[in-house]
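Colleague: Each residue of the sequence shown is one higher than the one before, starting from 1 at the first, in the UniProt record's numbering.
For each residue, glycine too, the CB sits at the ideal point set by N, CA and C.
Structure in structure tokens, see below.
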Amino acid sequence: MLSRVYLLGRFMVLHSKQFQDASTRTLAALNRIQVNFSFVLKTVLDQQPILFLTTFTIIFWIVTSWTFVQCERFGQADQDVPSILYSNALWFIAITFMLNGYGDIVPQTHAGRIIAIFVGVV
Numbered sequence: 001m002l003s004r005v006y007l008l009g010r011f012m013v014l015h016s017k018q019f020q021d022a023s024t025r026t027l028a029a030l031n032r033i034q035v036n037f038s039f040v041l042k043t044v045l046d047q048q049p050i051l052f053l054t055t056f057t058i059i060f061w062i063v064t065s066w067t068f069v070q071c072e073r074f075g076q077a078d079q080d081v082p083s084i085l086y087s088n089a090l091w092f093i094a095i096t097f098m099l100n101g102y103g104d105i106v107p108q109t110h111a112g113r114i115i116a117i118f119v120g121v122v
């Protein structure tokens, strides 16, 4: 399932204004520029940077929170530790992303710690 993420980039290219516009494709062909994922990504970042970065940050926040919940839930299946709530995972990822780390929620599994390190680095 995760290996299909490349389809998102293809969907973004095929449904972008830059790819569908005939004048853009003509100018790109004359200048030997390929209208591919990196070109569309650069133009979207140039035209709407705040919308793109906000959308990316929110999607990153939701996906890493869900991943953190799943890692913590299935990593502690044999222990008597209560599973973490999704709202607590959202809080943990947001605080870790801002590099505060209050310590009220601590990852118990190695996978959860790796996710926390990844979020802190990003």
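(1) Compare the beta carbon distance of serine 83 and arginine 73 with 8 Å and say whether it is the shorter of the two.
(2) Touching or not, the region 115 to 122 and the region 85 to 104, by the rule of three or more beta carbon pairs under 8 Å?
(3) To the nearest angstrom, report how far apart tryptophan 61 and asparagine 36 are at their CA atoms.
(4) Near glycine 101, what residues of its chain come up, given a Cβ to Cβ distance below 7 Å and the 5 sequence neighbours on each side ignored?
(5) Helix, strand or coil for serine 83? Go by DSSP, reduced to three states.
Modeller: Based on what the coordinates show:
(1) Mapped onto the sequence shown, residue 83 falls at position 83. Mapped onto the sequence shown, residue 73 falls at position 73. Result yes, Cβ atoms of serine 83 and arginine 73 sit closer than 8 Å.
(2) They touch, by the three-pair rule.
(3) Position 61 of the sequence shown holds residue 61. Position 36 of the sequence shown holds residue 36. For tryptophan 61 and asparagine 36, the distance between alpha carbons rounds to 27 Å.
(4) Here residue 101 corresponds to residue number 101 of the sequence shown, with the count starting at 1. Excluding residues within five positions, the ones whose Cβ falls inside 7 Å are Ile95.
(5) Position 83 of the sequence shown holds residue 83. Correct three-state label for serine 83: coil.
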